[in-house]
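A.B. asks:
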Ligand code: SF4
């Protein structure tokens, strides 16, 4: 991160400089560390510029110009969402910043940083990566400006986007630049070209000019585009989209890493600490994950509102038990380790060890769990259970907790009773994270989530295990307010259901239309791209606030708004003191 560190290594320049909107933490849970250490293992000299002063070109010149390329990322989060809440209020905290203080990251950081590195060193290729750029490789609906924007590639004027989990594509980019070759056609990348090869069998999406107008035709074209992208999740096809006289070409995803390659990645010499430059300034995201271990990557849940599948891919790559135990050993040797692994998990903890068993390989279905768990899914949860048992028996380990969420429909469909028993008995730190997200069937269908009866059965199972093992843990349930397809009446139904079940949600997420997600297309077009049916959309801040108030109507500060919502929906009968009432008069 500094010239002094370069001098200490005898480097006159870096081969690659990674620019990120987050503080630099040398821990495998942080993307720049993972990519940086990986490139270093291939023999490249890698510098990192973290949270630079984006108003100054000099801040991008501290390490000189890279010999091969700049790797630019907004950070772990969408930079707009890191600055503003969904209600467009300024956030005061930033968990990825030193001291947790917000303000050092620009809006549209991928674009701003790219512009600065271009000024800092002319002629050096710029490769965009990370979640923000990855989800904006095609034209996308932008919540903040309420319009469809073109791909981030021409806006940022970057050479390529390395989308998704980019180890393979970045290794190929580095090798080609080192050898003086061009960057065309690399799997896992998006590029802009002047001409497309019509003989190559590439799939053409509706052009930016077709999807951008805020008209009925424009929205219909946008829905078609969203459907085409959705139906080709992980497909080995190249998708192209015209932008004016040029084309955005998105090459097929890079092949996922093998489990052995993933094992190797996590054995790289991470210090598992923030850079010493931050001194005593705590980085909240680091404090949360410091003693956590990632067991796998990928998610095949295919929830309409989520982008993990679009970013990490739906193929689960699981690390071997031996490699995970080895990392636990290294973690437990850290001087400030207190005997607790805070999380042994991944995007969804109980997807560890599961895979597609279809003989001809994974299909193009966006979800392996919705509408029903696929019969080809090899989801024996004994591997996950055995991992838990082995981990907690390691010397020096007092507790191994699972604080990642689990999928209860997967648990039920795959006979995961032994895994769940083990989890409840030994691995819950007071609360189990679970995401029913809603309770009304048609809203759950819009979300691509399992129906409410599955959740009810899960809660019964949970309660029985709590009694059996004399535990007093709670479920930490996540719900989304304002998801497309959810009307005020649906939210009232959910509030009534929660009251009957004695659930008082604490974790309420205001819906945010993540670019590339199916739900973003529903939000923008007002239609479900899969069915073509109209869906209710809470668009204004007032509509969103009324939905949120209903979900949190057990809290006095939301009573007034919840009463307003009930009156507006013609359900004043639910205001009062009776057993059915949601709020007092
Ligand atoms: S065949 Fe089934 S398990 Fe395999 S990818 Fe398709 S939906 Fe998933």
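Numbering (the working numbering), first residue to last: 227 to 811. Ideal Cβ placement from N, Cα and C applies to all residues, glycine included. Remember, predicted model here, so these are calculated numbers, not experimental data.
Considering only heavy atoms of the ligand SF4 and the C-beta of each residue, which residues fall inside 6 Å, strictly closer?
C.D. replies: Per the Cβ criterion, the list is 526, 582, 584, 588, 589, 591, 594, 600, 602 and 603.
A.B. asks: By alpha-carbon positions, which one of 266, 522, 643 and 780 ends up nearest to residue 723?
C.D. replies: Here residue 723 refers to the residue found at position 497 when the chain shown is read from its first residue. The option with the nearest alpha carbon to residue 723 is 780.
A.B. asks: Leaving aside the five residues before and after residue 480 along the sequence, list all residues of the same chain whose C-beta is less than 6 Å from its C-beta, in chain order.
C.D. replies: In the chain shown, counting from the first residue as 1, residue 480 sits at position 254. Correct list, in chain order: 394, 395, 413 and 414.
A.B. asks: With burial defined as no fewer than 16 other Cβ atoms inside 10 Å of the residue's Cβ, what is the status of residue 716: buried or exposed?
C.D. replies: Locating residue 716 in the chain shown gives position 490, counting from the first residue. Classification for residue 716: buried.
A.B. asks: So within the region 242 to 297, which uninterrupted beta strand (DSSP E) runs reach at least 3 residues, ignoring any that extend past its ends?
C.D. replies: Runs of the beta strand (DSSP E) inside the region 242 to 297: 242 to 246 and 272 to 276.
A.B. asks: Taking 7 Å as the limit between beta carbons, can you name the residues of its chain near residue 563, skipping five residues before and five after?
C.D. replies: Within the chain shown, the letter at position 337 stands for residue 563. 517 and 557, listed in sequence order.
A.B. asks: Just confirm the distance between the C-beta atoms of residue 740 and residue 753, as a whole number of angstroms; I'd bet it's less than 8 Å.
C.D. replies: Stepping through the chain shown from its first residue, residue 740 is reached at position 514. Stepping through the chain shown from its first residue, residue 753 is reached at position 527. Residue 740 to residue 753, Cβ: 18 Å. No contact.
A.B. asks: Where does residue 306 fall in DSSP's three states?
C.D. replies: On the chain shown, position 80 is the one that residue 306 refers to. Looking at residue 306 - three-state DSSP - the assignment turns out to be helix.
A.B. asks: For the 8 Å Cβ check, are there 3 or more pairs between the region 395 to 412 and the region 424 to 441?
C.D. replies: Result no; under three Cβ-Cβ pairs closer than 8 Å.
A.B. asks: Nearest to residue 718 by alpha carbon, out of 538, 669 and 388?
C.D. replies: By 1-based counting over the chain shown, the position of residue 718 is 492. Measuring from the Cα of residue 718, the nearest candidate turns out to be 669.
A.B. asks: Would you say residue 310 and residue 316 are within 9 Å of each other, going by their C-beta atoms?
C.D. replies: Taking the first residue of the chain shown as position 1, residue 310 is located at position 84. Taking the first residue of the chain shown as position 1, residue 316 is located at position 90. Against a cut-off of 9 Å, the Cβ pair of residue 316 and residue 310 comes out as a contact.
A.B. asks: Is it buried or exposed, residue 167, if we count other Cβ atoms within 10 angstroms and call 16 or more buried?
C.D. replies: One cannot answer for residue 167 here, as it falls past the ends of the chain, which runs 227 to 811.
A.B. asks: Which residue wins for smallest C-alpha separation from residue 302, given the options 664, 358, 747 and 526?
C.D. replies: The sequence position of residue 302 within the chain shown is 76, counting from 1. Looking at the Cα atoms, 358 is the closest of the given residues.
A.B. asks: Do residue 196 and residue 296 have their C-beta atoms within less than 9 Å of each other?
C.D. replies: Not covered by the structure: residue 196. The range shown for the chain is 227 to 811.
A.B. asks: Since residue 628 contacts residue 569 with CB under 8 Å, what's their CB separation in whole angstroms?
C.D. replies: Stepping through the chain shown from its first residue, residue 628 is reached at position 402. Stepping through the chain shown from its first residue, residue 569 is reached at position 343. Going by Cβ atoms, the distance from residue 628 to residue 569 rounds to 6 Å, so yes, they are a contact pair.
A.B. asks: Along the alpha helix (DSSP H) that carries residue 538, what are the first and last residues, could you check?
C.D. replies: Taking the first residue of the chain shown as 1, we reach residue 538 at position 312. Unbroken alpha helix (DSSP H) run through residue 538: 534 to 538.
A.B. asks: According to DSSP, what are the bridge partners of residue 628?
C.D. replies: Position 402 of the chain shown, counted from the first residue, corresponds to residue 628. DSSP, once it has assigned bridges, lists no residue as partnering residue 628.
A.B. asks: Quick check: does the Cβ of residue 546 come within less than 8 Å of any heavy atom belonging to the ligand ADP?
C.D. replies: This structure simply doesn't include the ligand ADP; it includes the ligand SF4 instead.
A.B. asks: Quick one: using the 10 Å Cβ neighbour count with 16 as the cut-off for buried, is residue 796 buried or exposed?
C.D. replies: In the chain shown, residue 796 corresponds to position 570, counting from 1. Classification for residue 796: exposed.
A.B. asks: Among 450, 288 and 248, which residue has its Cα nearest to the Cα of residue 356?
C.D. replies: Within the chain shown, numbered from 1, the residue matching residue 356 stands at position 130. For residue 356, the nearest C-alpha among the options comes from 248.
A.B. asks: Within the region 430 to 458, note down every full alpha helix (DSSP H) run reaching 4 residues or more, in order along the chain.
C.D. replies: Qualifying alpha helix (DSSP H) stretches, in chain order: 434 to 437 and 442 to 456.
A.B. asks: By the three-class DSSP mapping on this structure, what secondary structure does residue 688 have?
C.D. replies: Looking up residue 688 in the chain shown gives position 462. Reduced to three states, the DSSP call for residue 688 is helix.
A.B. asks: What's the C-alpha gap between residue 597 and residue 755?
C.D. replies: The residue you call residue 597 lines up with position 371 of the chain shown. The residue you call residue 755 lines up with position 529 of the chain shown. Computed Cα separation, rounded: 16 Å.
A.B. asks: Is the shortest distance between the beta-carbon of residue 685 and the beta-carbons of chain D less than 9 Å?
C.D. replies: In the structure shown, chain D does not exist; there is a single protein chain.
A.B. asks: Just to confirm the assignment, what range does the beta strand (DSSP E) spanning residue 387 have?
C.D. replies: Stepping through the chain shown from its first residue, residue 387 is reached at position 161. Where residue 387 is concerned, the enclosing beta strand (DSSP E) stretches over 386 to 388.
A.B. asks: Pull up the distance between the alpha-carbon of residue 675 and that of residue 531, whole angstroms please.
C.D. replies: Translated into positions along the chain shown, residue 675 becomes position 449. Translated into positions along the chain shown, residue 531 becomes position 305. Taking the straight line joining both Cα atoms gives about 10 Å.
A.B. asks: For the structure I just gave you, are there three or more beta carbon pairs, one from the region 744 to 751 and one from the region 686 to 695, closer than 8 Å?
C.D. replies: With the cut-off at 8 Å, the region 744 to 751 and the region 686 to 695 do not touch.
A.B. asks: Check each candidate in 623, 350, 614 and 486 and name the one with the smallest Cα separation from residue 644.
C.D. replies: Within the chain shown, numbered from 1, the residue matching residue 644 stands at position 418. The candidate whose alpha carbon is nearest that of residue 644 is 614.
A.B. asks: Could you pull out every residue in the same chain whose Cβ sits closer than 7 Å to the Cβ of residue 257, ignoring the five residues on either side in sequence?
C.D. replies: Within the chain shown, numbered from 1, the residue matching residue 257 stands at position 31. Counting only Cβ-Cβ distances below 7 Å, and skipping sequence neighbours, we find 299, 302 and 356.
A.B. asks: Use the C-beta contact count for residue 498: other C-beta atoms within 10 angstroms, 16 or more gives buried, fewer gives exposed.
C.D. replies: The count along the chain shown starts at 1 and reaches residue 498 at position 272. With 16 or more Cβ atoms within 10 Å of its Cβ, residue 498 is classed as buried.
A.B. asks: If contact is defined by three or more beta carbon pairs under 8 Å, each pair taking one atom from either stretch, is the region 277 to 284 in contact with the region 230 to 242?
C.D. replies: The answer is no - the region 277 to 284 does not touch the region 230 to 242, with fewer than three Cβ pairs under 8 Å.
A.B. asks: Could you tell me whether the region 697 to 717 touches the region 652 to 669, where touching means 3 or more Cβ pairs closer than 8 Å?
C.D. replies: Output reads yes: the region 652 to 669 touches the region 697 to 717.
A.B. asks: Mind checking whether residue 352 and residue 343 have CB atoms under 9 Å apart?
C.D. replies: Position 126 of the chain shown, counting from 1, holds the residue named residue 352. Position 117 of the chain shown, counting from 1, holds the residue named residue 343. Yes; because the gap between Cβ atoms is below 9 Å, this pair is in contact.
A.B. asks: Helix, strand or coil for residue 356, going by three-state DSSP, please let me know.
C.D. replies: Walking along the chain shown from the start, residue 356 turns up at place 130. In this structure, residue 356 counts as helix in the three-state DSSP scheme.
A.B. asks: If you draw a straight line from the C-alpha of residue 469 to the C-alpha of residue 376, how long is it?
C.D. replies: Locating residue 469 in the chain shown gives position 243, counting from the first residue. Locating residue 376 in the chain shown gives position 150, counting from the first residue. Each residue's Cα considered, the two are about 7 Å apart.
A.B. asks: Please report the distance separating the alpha-carbon of residue 333 from that of residue 634.
C.D. replies: The sequence position of residue 333 within the chain shown is 107, counting from 1. The sequence position of residue 634 within the chain shown is 408, counting from 1. Spanning the two alpha carbons is a distance of roughly 37 Å.
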